[in-house]
Structure formats: structure tokens, C-alpha cells
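Asks: First the structure, then my questions, so here it is.
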Ligand SMILES: Cc1cc2nc3c(=O)[nH]c(=O)nc-3n(C[C@H](O)[C@H](O)[C@H](O)COP(=O)(O)OP(=O)(O)OC[C@H]3O[C@@H](n4cnc5c(N)ncnc54)[C@H](O)[C@@H]3O)c2cc1C
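Residue numbers (my numbering): 455 to 587.
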């Protein structure tokens, strides 16, 4: 809040948007996608430096078997498709939340996935999101 009580716009983005989505995990990304499909504008705010939430942070190399339409897909590839489907298609800005470090592409470490699913090893390249501050 500013001294006169008005809300401060997100740094570098004074454009009014219909919806602000907190979190750039799969749910936040698909929320912004559906906003775009309904002709609502949106922005996404996240405290992490990359899109994808747990998929990017905890298990980017793991195979996922329960996404409709994909018999199996590597987590980071799903994030890339969600990025293309949402951020690119509807030009959604992604902002760091207050107190988080600047958004920059960083390599997330791989970790074993759920015990019910085997860990994947596909070597597709990691792509970072377009982010604005
Ligand atoms: C090892 C592992 C394997 C898994 N495997 C599968 C699987 O095979 N299939 C499956 O369906 N599910 C799987 N899951 C579960 C799946 O990852 C989650 O259900 C999914 O990530 C939830 O998506 P989400 O967008 O709701 O939240 P998240 O992925 O947790 O993303 C939330 C995002 O919001 C941000 N955020 C939260 N609060 C704030 C805030 N106040 N300000 C700014 N940013 C904020 C976080 O930084 C994060 O980026 C797995 C989970 C784990 C840990």
C-alpha cells in the first residue's frame, strides 16, 4: 500500500488485468489458460524463479502417467507445453512475488518421483519461461 492507501502496481507492470493467479504450478498455469479462453486477461505471480511448481522444482525428469491425452510425459515437457499453451498463447506476464529473487533460468535438480511411477531420464532441453518483473 502507498501512503495514500492505494495499492502499488506490480513493478514494471501497470496494466490492469482481470485476474491475478498466485502460483505458476500446473494449476496456476491452466487457470490462466482458461482465463484466456474466456477472454479474461491474467497475470501469474510466483516466488520461484521458474514455471512449473513441484514439477520443475522437485521432479523435472520424472515420467507422469495420469495426464489425459498423454500416455506418459516427462514433467518438464508438460511444463513446457503448459507454458506454450498459456504464457505464449495468451501473452500472460509472470511476476516474481515480493521478496523473491529475480526470475532467471536456473537448473532444477532432479529427484526420484513417486514410488508408484518410475523415474524418467529423457534428455529434452530445459527451457525457461518468459518472465517480467
Ligand atoms: C515427487 C512427486 C511426484 C509427483 N508425481 C505426480 C504424478 O505423477 N502425477 C500427478 O498427478 N501428480 C504428481 N505429484 C503431485 C503434483 O506435483 C501436484 O499435485 C501438483 O504439482 C499441484 O499443482 P499446483 O499448481 O496446485 O501446485 P504446485 O505445483 O505446488 O505449485 C504451486 C506454485 O505456487 C507458488 N506459490 C505458492 N504460494 C505462493 C505465494 N504465496 N506467493 C507466490 N507463489 C506461491 C509456489 O512457488 C509454486 O510454484 C507429484 C508430487 C511429488 C512431490
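Where is the CB? At the ideal position from N, CA and C, for every residue including glycine.
Is it true that the stretch 481 to 500 meets the stretch 518 to 527, where meeting means three or more beta-carbon pairs spaced less than 8 Å apart?
Replies: Segments in contact, no.
Asks: So, for residue 507: in the same chain, excluding its five sequence neighbours on each side, which residues have a beta-carbon less than 6 Å away from its beta-carbon?
Replies: Within the chain shown, numbered from 1, the residue matching residue 507 stands at position 53. Excluding sequence neighbours, residue 507 sits near 479.
Asks: With distances taken from CA atoms, which of 497, 511 and 505 is nearest residue 535?
Replies: Position 81 of the chain shown, counting from 1, holds the residue named residue 535. Comparing Cα-Cα distances from residue 535 to each of 497, 511 and 505, the minimum goes to 505.
Asks: Evaluate residue 497 with the Cβ neighbour count: other Cβ atoms within 10 Å of its Cβ, from every protein chain shown; 16 or more gives buried, anything less gives exposed.
Replies: Counting from one through the chain shown, the residue named residue 497 turns up at place 43. With 16 or more other Cβ atoms within 10 Å, it is buried.
Asks: I'd like the span of the beta strand (DSSP E) that includes residue 496, first residue to last.
Replies: Counting from 1 along the chain shown, the entry for residue 496 is found at position 42. Here the beta strand (DSSP E) through residue 496 covers 496 to 500.
Asks: Would you mind working out which of 472, 537, 525 and 476 sits nearest residue 552, comparing C-alpha positions?
Replies: Sequence index remark: in the chain shown, residue 552 carries index 98 (1-based). When each option's Cα is compared against that of residue 552, the closest is 476.
Asks: Excluding five sequence neighbours on each side, which residues of the same chain lie with their C-beta closer than 8 Å to the C-beta of residue 543?
Replies: For the purposes of this step, residue 543 is taken as the residue at position 89 of the chain shown. Once the five neighbours on either side are set aside, the close Cβ partners of residue 543 are 487 and 490.
Asks: My assumption, with CB atoms under 8 Å, is that residue 533 sits in contact with residue 540. Please give the rounded CB distance.
Replies: By one-based count along the chain shown, residue 533 stands at place 79. By one-based count along the chain shown, residue 540 stands at place 86. With a Cβ gap of about 10 Å, residue 533 and residue 540 do not count as contacting.
Asks: Report yes if the C-beta of residue 525 is less than 6 Å from at least one heavy atom of ligand 1; otherwise report no.
Replies: If you number the chain shown from 1, residue 525 lands on position 71. False, no ligand heavy atom lies under 6 Å from that Cβ.
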